[in-house]
Each structure stands twice: as structure tokens, then as C-alpha cells.
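> Numbered according to this note's numbering, the sequence shown spans residues 39 to 465. Note that CB positions come from ideal geometry on N, CA and C, so glycine has one too. Have a look at this one before I ask anything.
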Amino acid sequence: MRISKEHIAAHNEEHQADNEAHLAFLDAQLSKQGVTLSLLLDQLKDFQVAIPSWALGAGGTRFGRFSIGGEPGSLEDKLDDVGVIHALTQTAGAISLHIPWDIPKDTAAIKQRAEEHGIVFDAMNSNTFQDQQGQPFSYKHGSLSNSEKASRQLAIDHNIEVIQYGQELGSNALTVWLADGASFPGQNNFRKALQNTQESLHEIYSHLPQDWKLLVEYKPYEPNFYSTVIQDWGTSLMLAEGCGERAHTLVDLGHHLPNTNIEQIVATLMAKGRLGGFHFNDSKYGDDDLTCGSIKPYQLFLIFNELVYGMQNNDAGNPPLAWMIDASHNVKDPIEDLMQSLEAISIAYAQALLVDQQALEEAQRNHDVTMCQEILQRAYRTDVRPIVAAARAMAGGALDPLGLYRKLDVRGQLIGERGKTVVATGL
Ligand SMILES: [Mn+2]
39 MRISKEHIAA HNEEHQADNE AHLAFLDAQL SKQGVTLSLL LDQLKDFQVA IPSWALGAGG
99 TRFGRFSIGG EPGSLEDKLD DVGVIHALTQ TAGAISLHIP WDIPKDTAAI KQRAEEHGIV
159 FDAMNSNTFQ DQQGQPFSYK HGSLSNSEKA SRQLAIDHNI EVIQYGQELG SNALTVWLAD
219 GASFPGQNNF RKALQNTQES LHEIYSHLPQ DWKLLVEYKP YEPNFYSTVI QDWGTSLMLA
279 EGCGERAHTL VDLGHHLPNT NIEQIVATLM AKGRLGGFHF NDSKYGDDDL TCGSIKPYQL
339 FLIFNELVYG MQNNDAGNPP LAWMIDASHN VKDPIEDLMQ SLEAISIAYA QALLVDQQAL
399 EEAQRNHDVT MCQEILQRAY RTDVRPIVAA ARAMAGGALD PLGLYRKLDV RGQLIGERGK
459 TVVATGL
């Protein structure tokens, strides 16, 4: 199933007049605030977010998994699904692979297929949170932190192998997320587990190509419920600094305890030049992996406000960020959900670009707390959807990606091609 340029052109023609009317109204309003619409459209047009290969099938919970139908049964199928999302939205021009779930059998063919869809390979993800069949040493009691040297070495070697796969595909970053931790007090020696992790990461880092980055992800709990070795941004930053200049912290929105001020973490890491990547999702309670912006859209905007400020005031030399959606789909069509997430991310980005930074700085200087809040909320409450749609159409995408996806009955066609019961690889 491929979306053709003709499909998109016909769809856009149908919706163009409507969107232009909305856009003209917005342009008139925003120009009074000193916002140049064409500049905004250019910034939005270039914005790309990677799709994780594991998010294209049904995720399931601890209690069950319900097939979606037409799920991708191979890496080729996963690339085709991202191809559909990218053709419709023009904001998903990258895929993030998970090894060993997505080991390419024919690298040249995989690269060519990605190229046909206009997709590049973003950060590679290693997996030391589950044992693979026939594995000589177990990760049951930890991987990079394990008290047994043999298990640690196995996990280190796996990460080096992931780098090699990534090099063949043209990726330039390795994301490490560890499930390592303890479920009961006394189970682990905190200091030794941390020390082992630092040494293991350092060894992986020493195998990192010069143009690569190491991204260290953190998470407070789950699958372990008493302690996690890399539990928070501070621990991640400490480990990254212990590795070297090309190691950075990766923030996953769902990897925080309730009510954590994530935008402040973003500001702090960018001030240190150490924010390497971002995993977008949303949550009500924990690592819920829900659609971006479905629960806390204002928080998403506030985070983008700090990201935009950080990118515009980058004296610490923070590297360009690896943006990725990290979500799981249990009840919705994954492709539809990912497009909803991309829309929410683009909206938050556009709203953040509308913040009058100069006025905000002045209000902060005058301790005008009311005005500080007003400036942020004025941007947040602007309905930027026509701008996001126009930017997407300018890049060759659809004005209404979800509408066209449904009209073309893409899921129905995928079920026809792949069957109702196929299970996505890896999950
Ligand atoms: Mn993540």
C-alpha cells in the first residue's frame, strides 16, 4: 500500500479553499503581534520526528494483546507503514530501529526501500531487557549493571553489535535504556550497580564512531519496582558526563514520577549542552505510552517552549536533538495514533514558536507575573491547526492526513495484503 502524489493532490484541492480562509484570518491576527507567517511555515516544514519500529503493531499490556489486523510482519512492512505516515504528514522522515527485533537480512535492500519512502535511520535501540533464545548468560538480574561480569560483557557486546548494524544503515546514534534495578530492598548494592553501569557504558562509548552520539535514557520504575539503576535525569547526566562529550541524556516524557516539572529538566539539560534526544508520548499515571497531547497538551507546549528557547539560545552547544515518538497501541490503529501524535507535536511546536520571547523576558524582568502567564497562554490558546496543515501541504503532505487515510481505507487494504492475524515482529 503506497499513497500516491495524485491521491494527495486531489485531496488537498478539495480542502484548500477552506484551509486558506482559516489561514488568512490567522495571518491577519498574527501579523498584529509581529509574527511572520511565512517564517513560521518554513520552520514547521523542516520539522521531522522519528517513528519507532515497535510502535507499528499492537503493543498489548501485561494482561493481554489484541490484534489490530494488517500489522507489519517484517522490517520491510514496517518501513512501508512509516512510508504511509510520511507520505501523508511529511513529518515522519525517519525510523528508529530496535535490535534484535529489526535485524536487517539484506541491508542494501532495506536502505533502498527506506530511500524510496524518503526515510532515514534515526537512533538505534539496543535491547538488554529480555533474554534471547540460546543466550549463554541471563539479564534476569541486570545487564550493564549485573554483578556477574559475563552478563555485563554480553550486554556490552550486544550494544557494540547494534552500533555496527546502525553504521551499515547510516544511523548516527545509539539509545541505551536499561531495565536494570531491583524489586526488593537489599537485592542490589546501589553503588556497585551504578559503578558497573558506568564502566559498561564507558566501554560501549569507546566503540562509538566519531560522528555518533550515545543517548542515555532514564526511568524511575518498571519493570523493577523498588529501584532502577538509571532512575532520573541526574543519574543519566552523571553517567553521560562520565563517558565523554558525545554522550547525552535522553528524556522520555513518560519516564517521570507524577507531576515532575519536565520542562525544567529540558531547560537544565540544554543549558549544559547535554540534551541528546526526546521520546514523545503522554501519560496519566506512569509510563502509559499514550498519544502525545491526549492527556496534558499544556505540558507538551511548555516543554516545547523550553526546547525552542534552548535552540534559539544555544550557548552551551547542545547538539541537534533526536526526536522520536515512543508509544504503544492497544486499542487504536497505530498508524492513526502516530499521525495524531505527530499533529499534537507539530501544534505544540508551532505554538511555542509563537511565544513573544522579548515580551516574556521583559515581563520576567519587571516581575509582572500576570503578564508572564498571559504571554504563554496567548500562544497556547492560538488555534494553529491551519498553519500546521498548510506547512504539511507545502512539503507535499495532506491537509487532513487522518481524513485521507480513512477515505483511502489504508487499514482495510493492509488487512487485505497481510491478513487479519499477522503479529508485528518483536512484540
Ligand atoms: Mn523511551
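(1) Tell me the residue span of the alpha helix (DSSP H) that contains THR329.
(2) Select from LEU291, LYS445 and THR74 the residue whose C-alpha is nearest the C-alpha of THR329.
(3) If you scan the region 344 to 398 from start to end, which runs of the alpha helix (DSSP H) of 4 or more residues do you find wholly inside it?
(4) Alpha carbon to alpha carbon, how far is ASP115 from ALA88? Give it in angstroms, no decimals.
(5) The beta strand (DSSP E) spanning PHE316 covers which residue range?
(6) Determine the burial state of GLN389: buried for a count of at least 16 other Cβ atoms within 10 Å of its Cβ, exposed for fewer.
(7) Do VAL214 and GLU260 have their beta-carbon atoms positioned less than 9 Å apart in this structure?
(8) In the DSSP assignment, find the beta strand (DSSP E) that holds SER274 and state where it starts and stops.
(9) Kindly indicate which residue of ASP118, PHE263 and ALA62 has the alpha-carbon position closest to the one of ARG456.
(10) Would you say the beta carbon of ASP371 is closer than 8 Å to some non-hydrogen atom of ligand 1?
(11) Bridge partners for GLY219 per DSSP, in chain order?
(12) Give me the Cα-Cα distance between LEU437 and GLY450, rounded to the nearest whole angstrom.
(13) Helix, strand or coil, according to DSSP, for LEU61 in the structure here?
(14) Could you check whether ILE141 and TYR203 sit closer than 9 Å to each other, using their CB atoms as the reference points?
(15) Between GLN173, PRO90, SER185 and ASN197, which lies nearest to VAL158 when the distance is taken from Cα to Cα?
(16) If we call anything under 9 Å between Cβ atoms a contact, is ARG229 one with GLU279?
(17) Please report the distance separating the alpha-carbon of LYS445 from that of PRO439.
(18) Drop a sphere of 10 angstroms on the beta-carbon of GLY348, count the other beta-carbons inside from all chains shown, and report buried for 16 or more, exposed for fewer.
(19) Would you verify that the beta carbon of LEU216 is, or is not, closer than 9 Å to some beta carbon of chain C?
(20) Below 9 Å between beta carbons: does that hold for GLU52 and ALA428?
(21) So is the beta-carbon of LEU288 under 8 Å away from any non-hydrogen atom of ligand 1?
(22) So does the region 413 to 431 actually touch the region 380 to 394, counting three or more Cβ pairs closer than 8 Å?
(23) Mapping the DSSP letters down to three states, classify HIS240 as helix, strand or coil.
(24) Taking DSSP as the reference, what is the three-state secondary structure of LEU94?
(25) Say yes only if the C-beta of TRP271 is nearer than 8 Å to one or more non-hydrogen atoms of ligand 1, and no if none qualify.
(26) Taking only heavy atoms of ligand 1 into account, decide whether any of them is closer than 8 Å to the Cβ of ASP160.
(27) Within its chain, find whatever has a CB closer than 6 Å to the CB of VAL460; leave out the 5 residues flanking it on each side and keep chain order.
Quick answer:
(1) For the purposes of this step, residue 329 is taken as residue 291 along the sequence shown, with counting starting at 1. Careful: THR329 lies outside any alpha helix (DSSP H) and carries neither H nor E.
(2) What you label residue 329 is simply residue 291 of the sequence shown in a count that begins at 1. With distances taken between Cα atoms, THR329 lies closest to LEU291.
(3) 372 to 392
(4) If you number the sequence shown from 1, residue 88 lands on position 50. If you number the sequence shown from 1, residue 115 lands on position 77. Approximately 16 Å, taken between the alpha carbons.
(5) By 1-based counting over the sequence shown, the position of residue 316 is 278. Residues 313 to 318.
(6) In the sequence shown, counting from the first residue as 1, residue 389 sits at position 351. Buried is the call here.
(7) To locate residue 260, count along the sequence shown from 1; it is residue 222. To locate residue 214, count along the sequence shown from 1; it is residue 176. No, these two residues do not count as a Cβ contact at 9 Å.
(8) The count along the sequence shown starts at 1 and reaches residue 274 at position 236. Not the beta strand (DSSP E): SER274 falls in the alpha helix (DSSP H), residues 271 to 281.
(9) The residue you call residue 456 lines up with position 418 of the sequence shown. Taking only the C-alpha atoms, the option nearest ARG456 is ASP118.
(10) Within the sequence shown, the letter at position 333 stands for residue 371. Set against 8 Å, the gap from the CB of ASP371 to the closest heavy atom of ligand 1 is not smaller.
(11) Locating residue 219 in the sequence shown gives position 181, where the first residue counts as 1. Bridge partners of GLY219: THR266.
(12) One-based indexing of the sequence shown puts residue 437 at position 399. One-based indexing of the sequence shown puts residue 450 at position 412. Between LEU437 and GLY450, the C-alpha separation is close to 22 Å.
(13) Position 23 of the sequence shown holds residue 61. Reduced to three states, the DSSP call for LEU61 is helix.
(14) As a working note, residue 203 is residue 165 in the sequence shown. As a working note, residue 141 is residue 103 in the sequence shown. It is a contact, given that the beta carbons lie within the stated cut-off.
(15) Here residue 158 refers to the residue found at position 120 when the sequence shown is read from its first residue. That would be PRO90, whose Cα lies nearest to the Cα of VAL158.
(16) Counting from one through the sequence shown, the residue named residue 229 turns up at place 191. Counting from one through the sequence shown, the residue named residue 279 turns up at place 241. No; because the gap between Cβ atoms is not below 9 Å, this pair is not in contact.
(17) In the sequence shown, residue 445 corresponds to position 407, counting from 1. In the sequence shown, residue 439 corresponds to position 401, counting from 1. One C-alpha to the other measures close to 10 Å.
(18) Working through the sequence shown from its first residue, we reach residue 348 at position 310. Per the 10 Å Cβ criterion, buried.
(19) Note that chain C does not occur in the displayed structure, where there is just one protein chain.
(20) Numbered from 1 along the sequence shown, position 14 holds the residue referred to as residue 52. Numbered from 1 along the sequence shown, position 390 holds the residue referred to as residue 428. No.
(21) In the sequence shown, residue 288 corresponds to position 250, counting from 1. At least one heavy atom of ligand 1 is nearer than 8 Å to the Cβ of LEU288, so yes.
(22) yes
(23) The sequence position of residue 240 within the sequence shown is 202, counting from 1. Three-state result, HIS240: helix.
(24) On the sequence shown, position 56 is the one that residue 94 refers to. Here LEU94 sits in coil by DSSP.
(25) Here residue 271 is taken as the residue at index 233 of the sequence shown, counted from 1. Checking the Cβ of TRP271 against ligand 1 gives no.
(26) Position 122 of the sequence shown, counted from the first residue, corresponds to residue 160. Relative to the non-hydrogen atoms of ligand 1, the Cβ of ASP160 never comes closer than 8 Å to any of them.
(27) Here the question's residue 460 lines up with position 422 in the sequence shown. Excluding residues within five positions, the ones whose Cβ falls inside 6 Å are GLU109 and GLY111.
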